[in-house]
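K.L.:
Take this structure, written in structure tokens, and hold onto it; I'll ask about it next.
Okay, structure coming up:
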């Protein structure tokens, strides 16, 4: 995947890693003070870009199948690694294969067997592919956790500034959520400019609203919940940022990417 992830993207990934089945777009939207449609649109974009590759159930194989989970660490020549991984994946009972960046012990295989004889059958099938099994262990229990840097900070429930990036020189790009009681809320871009809330040196690049990414024009209305992207060659002044967010949501520290 190419491209950067902002705080909205990161929070979507974090919540889906916690519980993809029971996490809805409105739940994530409430955390970030954006619309549910924006979350659905961002999720679809993450899927299209390959950041989210799918959604899988976490299965207790002993409860569901009454079987045993086995972990095999294997070695195969590096030039054959990808092809061998695909061949191993096709063996009935194998549920995952990892390719590791090492010369030896470069395939990690997880397999489910109904009993020890079934696990022996799987191991024999792996060996028949000219793959050397270095070690074999029964899995007792697995533990999973979402990627915590993408989660909310302690005591923080929403994010007004969703991305902040310093470019060459003093140039900055800031992406923020328009607060309901912000000075720029419910005003057209022309009215924002006439009120001197944005200044001549700051460019409003895009407005993201629900399912759409809008090109700002003079009659474009800034609505609460919009994601606005600002650019300035000399840095975006705090006063301009304050015109889009309310003071109680303004973070005390900006994260520089």
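Numbering (my numbering), first residue to last: 12 to 268.
Positions of the beta carbon are idealized from the N, C-alpha and C atoms, including for glycine.
This one's a predicted model, so the numbers in the text were calculated from it and none came from an experiment.
(1) Helix, strand or coil for residue 192, going by three-state DSSP, please let me know.
(2) Have a look at the DSSP bridge pairing and note the partners of residue 219.
(3) Please report the distance separating the alpha-carbon of residue 254 from that of residue 43.
(4) Which residue marks the beginning of the alpha helix (DSSP H) containing residue 202, and which one marks its end?
(5) Could you check what DSSP says for residue 81 in three-state terms: helix, strand or coil?
(6) Considering only C-alpha positions, which residue in the set 230, 118, 187, 191 is nearest to residue 203?
(7) Which residues does DSSP list as the beta-bridge partners of residue 17?
(8) Apart from the five residues just before and just after residue 28, which ones in its own chain have a Cβ nearer than 7 Å to its Cβ?
(9) Count the other CB atoms, across all protein chains shown, that sit within 10 Å of the CB of residue 218; report buried if there are 16 or more and exposed otherwise.
(10) Here's a check: name, in chain order, each residue in its chain whose Cβ is nearer than 8 Å to the Cβ of residue 168, leaving out the five neighbours to either side.
(11) To the nearest angstrom, report how far apart residue 206 and residue 200 are at their CA atoms.
(12) In this structure, how does DSSP classify residue 162 when only helix, strand and coil are distinguished?
(13) What is the residue span of the beta strand (DSSP E) that residue 106 lies within?
(14) If you check the beta carbons only, do residue 85 and residue 118 fall under 8 Å apart?
(15) Check the C-beta distance from residue 11 over to residue 36 and give it rounded, since I have them as a contact under 8 Å.
(16) Apply the 10 Å Cβ neighbour rule to residue 152 and answer buried if 16 or more other Cβ atoms are within range, or exposed otherwise.
P.N.:
So, to answer that:
(1) Residue 192 carries a coil assignment under DSSP once its states are collapsed to helix, strand and coil.
(2) 224, 238, per the DSSP bridge assignment.
(3) If you take the alpha carbons of residue 254 and residue 43, they lie about 18 Å apart.
(4) Looking at the DSSP string, the run of the alpha helix (DSSP H) that includes residue 202 is 200-205.
(5) The three-state secondary structure of residue 81, taken from DSSP, is strand.
(6) Measuring C-alpha to C-alpha distances from residue 203 to each of 230, 118, 187, 191 identifies 230 as the nearest.
(7) DSSP lists no partner for residue 17.
(8) If we look at residue 28 and ignore the five residues flanking it on each side, its Cβ neighbours are 157, 158.
(9) Of the residues assessed, residue 218 falls on the buried side of the cut-off, its CB having 16 or more other CB atoms within 10 angstroms.
(10) A caution first: residue 168 carries a pLDDT of 45, below 50, which makes its placement in the model unreliable, though a value can still be read off. The residues are 42.
(11) Taking the straight line from one Cα to the other gives about 10 Å.
(12) Of the three classes helix, strand and coil, the one that applies to residue 162 here is coil, per DSSP.
(13) Its beta strand (DSSP E) spans residues 105-110.
(14) With contacts defined by Cβ atoms closer than 8 Å, residue 85 and residue 118 form a contacting pair.
(15) Since the first and last residues shown for the chain are 12 and 268, residue 11 lies out of range.
(16) Counting every other CB atom within 10 Å of its CB across the protein chains shown gives residue 152 a total below 16, marking it as exposed.
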